[in-house]
């Protein structure tokens, strides 16, 4: 066996360019497949991560501007949502709405405790807010129904806000009173998030904010979770009916999609899932063709190799070498080259995906109301990398086996005459 390895080493050393071209075709095919799959997985993992952080069966309603005239009213009119629109949501759609709430904002509020202060926005919310958004209570509690009903002056602050206000004095935040531009609020909870912009917000009861800051019946948006809406078609029908109800109240054309903006996470999720499926297919098609190009490269080079060595095979047979020993030599050489360079390509591909993970992992994009994770964990299953490498090894082996078998079947005299 040592003699075979020694002979293979000598052959490779004599044919450096041929060996490099064969190895490069193998390594490049594996490398590109792993990098492409890794990049695609980074996008898919980011989407799955973002989707898992929020309730998919949730809808947000935002006011907009009319783009069509309606009932004698001109286009370009601002639509404002009010409390009775929230009530209509629960009243007219009991079969589809699980719980409904709303938000109203008061920006640029200085919240202080002792000598420390921070400028944040106050968000008036309903208890169902945590069912929809990525607000995780780290300590204490969130706004409840009694807070809403009694218009309590309670507040839930962010973990970072608590560190600024209470960190220097090492005071336990829960139960303390903070001053928000002249209004005292009792801290009942501390929340954490997943990196969204809510980090600069504090939450108080919806009714409290409307009363203290003279918002009247006005609200910023309506949020609710849904049931019995399991297809894109059923959600679109629900949205059309919802526009009709709100349109009758706010006096706009139900066909005017810009009058109110409906953010339906379920339909967004389903459409994105379809896009992710197409992305997976495209990546695999590109990856397989890249792998095939490597296989074709290996096959062509092995064909040339066998053709160049036909005369050598004739000499070996004339000296008494058995055809099986010549075949074995070709196969071992082919397996050695493809395995070595396949491993190099696999390691290089995995190294690049790890670099992508450290450089671009958990990349986010500002989407206005929140930050969307765009790239996360761009890695490839090791099993897939190994399978791809084995595929190229087998292809390289077969590419050398069949022409070598044909070459060694030729008589020594004909082989020696071969150019």
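Numbering (my numbering), first residue to last: 19 to 437. Beta carbons: idealized from backbone N, C-alpha and C, even for Gly. Quick caveat, the model's predicted, so the values are computed rather than measured.
Burial state of residue 273, where buried means 16 or more other Cβ atoms lie within 10 Å: Exposed, by the Cβ-count rule.
By Cβ distance, which residues of its chain are closer than 6 Å to residue 112, with the 5 residues on each side in sequence left out? The answer is none, since no qualifying residue turns up.
Within 8 Å, strictly: CB atoms of residue 173 and residue 143: Between residue 173 and residue 143, the C-beta gap is not smaller than 8 Å, which leaves the two residues out of contact.
Leaving out the 5 sequence neighbours to the left and right, which residues in its chain are closer than 6 Å to residue 184 when beta-carbon positions are compared? So the qualifying residues of the chain are 191.
Kindly list the residues whose CB is nearer than 8 Å to the CB of residue 37, restricted to its own chain and excluding five residues on each side of it in sequence; keep chain order. Cβ neighbours of residue 37 beyond the five flanking positions: 30, 355.
Per DSSP, residue 58 forms a beta bridge with which residues? Note: residue 58 sits in no beta bridge, so no partner.
Among 297, 321, 335, 82, the one whose alpha carbon lies nearest that of residue 237: 82 is the residue among 297, 321, 335, 82 whose C-alpha sits nearest the C-alpha of residue 237.
Determine the DSSP secondary structure at residue 221, reduced to helix, strand or coil. It is a strand residue.
Reference residue 307; option with closest CA among 92, 373, 52, 210: Nearest C-alpha to residue 307: 52.
Where do the ends of the alpha helix (DSSP H) carrying residue 333 lie? Counting along the chain, the alpha helix (DSSP H) containing residue 333 begins and ends at 328–336.
Using the DSSP secondary-structure output, state which residues sit across from residue 120 in a beta bridge. Per the DSSP secondary-structure output, residue 120 pairs in a beta bridge with 240.
Same chain only: Cβ atoms within 7 Å of residue 385, ignoring 5 sequence neighbours per side: The pLDDT assigned to residue 385 is 47, lower than 50, so where the model puts this residue is not dependable, and the model offers no usable value.
If you measure between the beta carbons of residue 59 and residue 341, is that distance less than 8 Å? Against a cut-off of 8 Å, the Cβ pair of residue 341 and residue 59 comes out as no contact.
Hey, which unbroken runs of the beta strand (DSSP E) at 3 residues or more fall wholly within the stretch 145–223? List check, beta strand (DSSP E) in window: 154–158, 172–176, 195–198, 201–210, 219–223.
Check whether the Cβ atoms of residue 127 and residue 199 sit closer than 8 Å, and answer yes or no. Going by C-beta atoms, residue 127 is nearer than 8 Å to residue 199.
Bridge-paired residues (DSSP) for residue 141: Looking at the DSSP output, residue 141 bridges to 123, 221.
Put residue 136 into one of helix, strand or coil per three-state DSSP. In this structure, DSSP gives residue 136 an extended state, which the three-state scheme calls strand.
With a cut-off of 8 Å on the beta carbons, I'd call residue 125 and residue 311 a contact; round off their distance for me. Wrong, their Cβ atoms sit about 57 Å apart, outside the cutoff.
Distance, Cα to Cα, residue 194 vs residue 154? Each residue's Cα considered, the two are about 20 Å apart.
In the stretch 246–301, which residue ranges form an unbroken beta strand (DSSP E) of at least 3 residues, counting only runs that do not cross its ends? Qualifying beta strand (DSSP E) stretches, in chain order: 278–282.
When you compare the CB positions of residue 222 and residue 140, do they come within less than 8 Å of one another, or not? A distance below 8 Å separates the beta carbons of residue 222 and residue 140.
I want to know whether the stretch 252–271 touches the stretch 92–109 - three or more CB-CB distances under 8 Å. Verdict: yes, contact present.
Starting from residue 80, trace the beta strand (DSSP E) both ways and give me its first and last residue. First-last of the beta strand (DSSP E) with residue 80: 76–81.
Candidates 288, 239, 114: closest to residue 256 by CA position: The candidate whose alpha carbon is nearest that of residue 256 is 114.
In the structure shown, what three-state DSSP assignment does residue 361 receive? DSSP places residue 361 in helix when its eight states are reduced to three.
Distance between residue 317 and residue 420 (C-alpha atoms, nearest Å): Between the alpha carbons of residue 420 and residue 317 lies a distance of about 10 Å.
So, with DSSP's three-state summary, where would you put residue 130? In the displayed model, residue 130 falls within a strand according to three-state DSSP.
Just how far apart, CA to CA, sit residue 133 and residue 202? CA-CA distance, residue 133 to residue 202, rounds to 15 Å.
Please report the straight-line C-alpha distance between residue 207 and residue 297, rounded to a whole angstrom. In this model, residue 207 and residue 297 are separated by some 42 Å (Cα to Cα).
Between residue 327 and residue 373, what straight-line distance do the alpha-carbon atoms span, to the nearest angstrom? Here the C-alpha atom of residue 327 lies approximately 42 Å from the C-alpha atom of residue 373.
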